[in-house]
Amino acid sequence: MPELPEVETTRRLIAPLLVGRRVRELRTTRDSYFFVTPTRELRRGIEGEEFAALERRGKYLVATLGSGSRLVIHLGMTGQLFSSRASSVRLLSATARASLAPEEQVVFEPDLHTHLHFIFEDAGPDVYMRDVRKFGKVLLLAPGQTHPRLARLGGDALGVTGEILFAATRKRKTSIKALLLDQSVLAGVGNIYADEALYQSAVRPARRAARITRKECVAIADGLRRVLLRSIETGGSSISDYVSPDGEDGGYQDERRVYGRAGEDCIECGDVIRRKLVAQRSTHYCPTCQS
DNA sequence: ATTCCAACCTGATAGC
DNA sequence: TGCTATCAGGTTGGAA
5 MPELPEVETT RRLIAPLLVG RRVRELRTTR DSYFFVTPTR ELRRGIEGEE FAALERRGKY
65 LVATLGSGSR LVIHLGMTGQ LFSSRASSVR LLSATARASL APEEQVVFEP DLHTHLHFIF
125 EDAGPDVYMR DVRKFGKVLL LAPGQTHPRL ARLGGDALGV TGEILFAATR KRKTSIKALL
185 LDQSVLAGVG NIYADEALYQ SAVRPARRAA RITRKECVAI ADGLRRVLLR SIETGGSSIS
245 DYVSPDGEDG GYQDERRVYG RAGEDCIECG DVIRRKLVAQ RSTHYCPTCQ S
């Protein structure tokens with residue numbers, strides 16, 4: 005779920021819990037696909053270091069350490085980065101939820117999905133990263149070192165313009181939806197916001213990119229920026245796993261027009277929202293409003 | 001060069 | 001109740 009608005013919300017709320025604090029201990033789960041950098045190296049590079057800055061690049065978080073090394077985190081599909089003070093049922097498995105008494109206070113305890121546990125030298129809250137499906141990624145870059153994952157990224161989706169899209173879509177045989185999801189074209193757009201932006205701009209997701217007019221490219225760029233900014237304002241979308249670092253749900257799931265609304269009525273025209281596969285991804289659109 | 005597709009991993013849910 | 005099949009918001013690498 006974490007797309008640009010969720011990652012940006014996470015960045016804003018977790019930055020005060022990282023920047024200016026020195027790590028005393030980093031606990032991890034066992035090495036796996038999840039860790040691009042082996043855990044021993046991670047611990048060696050991070051313990052004793054102070055976080056100097058936290059930036060976002062597309063859906064990646066990049067934390068700079070005092071040493072000049074950079075800790076790169078991708079939340080994948082189910083990644084959660086949060087404070088030990090966070091309290092949310094989204095941080096628990098369904099079985100754990102079911103055994104909760106009504107109104108019982110949720111106290112988070114690290115479980116087998118909690119892959120990172122930062123403990124700091126001061127007495128403030130710990131920071132956790134949890135990721136059930138392990139599609140997330142963690143890597144540590146030496147000072148000045150780059151990585152193909154970051155090098156490949158296109159411009160940030162918040163800075164998209166009609167001209168950028170128009171240039172990127174020419175001679176592309178693929179669908180406009182697939183193009184929006186391509187992180188080397190635009191960094192930060194995922195399945196939810198691609199569908200929402202295409203709805204806002206009245207363009208069908210399956211349309212061939214090269215056939216989109218300049219005017220439509222402007223509409224799509226405007227739609228993207230509007231949807232992404234509004235979602236950031238509301239704290240992102242909490243549809244299945246996403247919670248803010250404080251344990252709060254986002255608000256944008258209540259403002260969705262198409263994503264996950266197949267079979268329901270279009271807010272604008274009353275026609276039924278459809279769902280079909282485009283670019284091998286579940287895609288939602290209004291057959292009347294979008295053409 | 002571009003597009004497609006399986007793979008990575010786990011859990012929730014629907015259907016039998 | 002239990003089993004199986006299907007589906008999930010992402011990205012990669014290699015095949016087509």
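So the first sequence is numbered by this note's numbering: it starts at 5 and just counts up by one. C-beta atoms are modelled at their ideal positions from N, C-alpha and C, and glycine is treated no differently.
- Taken through DSSP and simplified to helix, strand or coil, G240 comes out as coil.
- Listed as beta-bridge partners of V27 by DSSP are F124.
- In the three-state reduction of the DSSP assignment, V131 falls in the strand class, which pools E and B.
- A distance below 8 Å separates the beta carbons of F86 and G251.
- As DSSP reads the structure, K141 sits in a beta bridge with H78.
- Here F124 is near R28, since their CB atoms are less than 8 Å apart.
- By the Cβ neighbour-count rule, K63 is buried, with 16 or more other Cβ atoms within 10 Å of its own.
- In the structure shown, K280 falls within a strand segment according to DSSP collapsed to helix, strand and coil.
- Between R176 and A213, the CB-CB gap stays under 8 Å.
- If you look at R48, you'll find it in the alpha helix (DSSP H) that goes T43 to I50.
- The straight-line gap separating the alpha-carbon atoms of S91 and L233 is approximately 26 Å.
- The shortest CA-to-CA distance from S241 to any of G264, F38, R134 and S73 is the one to G264.
- Beta-carbon to beta-carbon, A56 and G70 are separated by about 6 Å, close enough to satisfy the 8 Å threshold.
- Three or more Cβ pairs closer than 8 Å define a contact, and the region 177-188 meets that threshold against the region 278-292.
- Ranked by how close their Cα comes to the Cα of S205, the residues V11, R261 and R74 have R261 in first place.
- For G83, the three-state secondary structure derived from DSSP is strand.
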